[in-house]
Amino acid sequence: MIRSMTGYGKGEELSERGRFTVEIRSVNHRYGEISVRMPRSFLSLENEVKKLVAAVLKRGKIDVTVQWEEAGGAVAMPQADLALARGYAELFRSLSSELGLNGDVPLNLVLAQKGVLRETAVAAAIDETEYLPQLAAAVNAAVASIDAMRAREGQALHDDLSARRRQLSASVAQISDRAPRVVEEYRQKLKLRLDQLLDGVEMDLVRLAQEVALMADRGDVTEELVRLSSHFAQFDEALSLAEPVGRKLDFLMQEMNREVNTIGSKSSDTEITTLVVAIKAEMEKMREQVQNVE
358 MIRSMTGYGK GEELSERGRF TVEIRSVNHR YGEISVRMPR SFLSLENEVK
408 KLVAAVLKRG KIDVTVQWEE AGGAVAMPQA DLALARGYAE LFRSLSSELG
458 LNGDVPLNLV LAQKGVLRET AVAAAIDETE YLPQLAAAVN AAVASIDAMR
508 AREGQALHDD LSARRRQLSA SVAQISDRAP RVVEEYRQKL KLRLDQLLDG
558 VEMDLVRLAQ EVALMADRGD VTEELVRLSS HFAQFDEALS LAEPVGRKLD
608 FLMQEMNREV NTIGSKSSDT EITTLVVAIK AEMEKMREQV QNVE
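Quick note, the numbering used here runs 357 ahead of the 1-based positions in the sequence shown.
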């Protein structure tokens with residue numbers, strides 16, 4: 358069954374060390390693009406997170422957010438490099454004196470300088486690999502959650518696309534029924550017009566037959582109808598597959614649109630033209646839906 362590229366999932370995993378919370382959001386995209394935001398202490402595990410997500414979510418713009426909370430709400434307090442802070446303060450006072458400026462050096466200016474505040478040794482000593490099983494469990498839970506949502510959305514897309522595809526078949530069947538009658542109606546109209554113009558003069562039936570045959574050849578849409586039937590069958594088959602088929606469906610929509618355009622350009626019949634316009638309007642709605650299929 359097809360899946361949507363739009364969804365949201367959340368997963369948590371708790372241990373004596375703390376809690377990982379993972380949120381995943383995805384929207385439609387031509388390719389599979391995964392971006393991860395996570396605490397700096399665990400950045401070495403970013404590729405592992407991407408692998409776990411990519412194993413299930415094959416296509417879409419996917420944003421993954423990883424949060425970590427120490428057990429008991431403990432927070433790793435930063436440490437201040439007092440020597441560096443004093444150096445910055447003295448430098449700023451010296452500059453202020455040289456420039457003839459008044460006022461003391463504000464604390465927030467000193468704290469904003471690189472290296473004045475740094476992580477504690479405890480925070481820096483985290484062995485990320487020890488946390489990987491817990492992180493992986495949280496990621497897998499989030500992936501399962503968003504995958505379930507994408508599957509539900511996919512079912513809705515499947516039902517809508519199937520219904521619209523059946524409507525296309527009904528309209529194409531009307532064109533198939535109408536096309537042969539167009540030739541006969543053209544023959545009758547041409548004969549009537551010639552009768553009026555010739556006013557009793559004997560008509561050249563061979564020339565009439567040639568004109569009708571030429572018109573029938575120019576307006577013959579048999580090949581287009583056969584190809585459309587083949588595209589419809591491939592479209593239905595793709596809708597039933599479990600693998601990502603969004604690109605295949607998009608390609609089939611382009612091919613179907615090409616055949617319908619050809620039918621419209623070949624036909625001069627008002628009824629067929631009306632059907633072609635209705636088909637193209639329905640296909641545009643299908644194309645928009647297909648853009649959301651994984």
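Idealized CB from N, CA, C, for every residue including glycine.
Note that this is a predicted model, so its numbers are computed, not measured.
Original post:
Pairing CB atoms from the segment 449-459 with CB atoms from the segment 410-421, are three or more of them under 8 Å?
Top reply: Using a Cβ-Cβ distance cut-off of 8 Å, the segment 449-459 and the segment 410-421 are not in contact, since fewer than three pairs of beta carbons, one from each stretch, lie closer than that value.
Subject >> Cutoff 7 Å; reference Arg-604; Cβ partners in own chain excluding five residues on either side >> reply: What you label residue 604 is simply residue 247 of the sequence shown in a count that begins at 1. If we look at Arg-604 and ignore the five residues flanking it on each side, it has no Cβ neighbours.
Original post:
Are Lys-642 and Arg-523 closer than 8 Å when you measure CB to CB?
Top reply: For the purposes of this step, residue 642 is taken as the residue at position 285 of the sequence shown. For the purposes of this step, residue 523 is taken as the residue at position 166 of the sequence shown. No, they are not a contact pair.
Subject >> Straight-line Cα distance separating Phe-449 from Asp-438 >> reply: Numbered from its first residue, the sequence shown carries residue 438 at position 81. Numbered from its first residue, the sequence shown carries residue 449 at position 92. Those two C-alpha atoms are separated by around 17 Å.
**OP:** Please list, in chain order, all residues of the same chain as Trp-425 whose beta carbon is under 7 Å from its beta carbon, the five residues on each side excluded.
**Re:** Within the sequence shown, residue 425 is the residue found at index 68, counting from 1. Same-chain partners within the cutoff: Gly-375, Phe-377, Pro-396 and Phe-399.
**OP:** Please work out which residues of its chain come closer than 7 Å, Cβ to Cβ, to Glu-380, disregarding the five sequence neighbours upstream and downstream, and give them in chain order.
**Re:** Looking up residue 380 in the sequence shown gives position 23. Only Lys-367, Thr-422 and Ala-499 meet the Cβ criterion.
Subject >> C-alpha distance - Glu-660 paired with Leu-474, whole-angstrom precision >> reply: Given a span of 358 to 651 for the chain in the structure shown, any question on residue 660 remains unanswerable.
Original post:
Which value, in whole angstroms, describes the spacing of the CA atoms of Leu-514 and Glu-581?
Top reply: The sequence position of residue 514 within the sequence shown is 157, counting from 1. The sequence position of residue 581 within the sequence shown is 224, counting from 1. Each residue's Cα considered, the two are about 27 Å apart.
Original post:
What is the DSSP secondary structure of Gly-603, reduced to helix, strand or coil?
Top reply: Position 246 of the sequence shown, counted from the first residue, corresponds to residue 603. Helix.
Original post:
alpha helix (DSSP H) containing Tyr-365: first to last residue?
Top reply: Counted from its first residue, the sequence shown places residue 365 at position 8. Per DSSP, Tyr-365 belongs to no alpha helix (DSSP H); it is in the beta strand (DSSP E), 364-371.
Original post:
Would DSSP call Arg-584 helix, strand or coil?
Top reply: Walking along the sequence shown from the start, residue 584 turns up at place 227. Looking at Arg-584 - three-state DSSP - the assignment turns out to be helix.
**OP:** Determine the extent of the beta strand (DSSP E) in which Gln-309 is found, giving its start and end residues.
**Re:** Limits of the chain in this structure are 358 at one end and 651 at the other, which puts residue 309 out of reach.
**OP:** Measure the CB-CB distance between Ile-532 and Leu-632 and report whether it falls below 8 Å.
**Re:** Position 175 of the sequence shown holds residue 532. Position 275 of the sequence shown holds residue 632. Annotated as proximal: Ile-532 and Leu-632, with beta-carbon spacing under 8 Å.
Original post:
For Glu-390, which residues does DSSP report across the bridge?
Top reply: Here residue 390 refers to the residue found at position 33 when the sequence shown is read from its first residue. For Glu-390, which the question treats as bridged, DSSP gives the partners Lys-418.
Subject >> Glu-639 versus Leu-525 - alpha carbon distance >> reply: Taking the first residue of the sequence shown as position 1, residue 639 is located at position 282. Taking the first residue of the sequence shown as position 1, residue 525 is located at position 168. The alpha-carbon atoms of Glu-639 and Leu-525 are separated by roughly 7 Å.
Original post:
With DSSP run on the structure shown, which of helix, strand or coil describes Ala-478?
Top reply: What you label residue 478 is simply residue 121 of the sequence shown in a count that begins at 1. Any reading at Ala-478 must be qualified, since the residue scores a pLDDT of 48, below 50, and its modelled position is unreliable; the value itself is stated next. Annotated three-state conformation of Ala-478 is helix, per DSSP.
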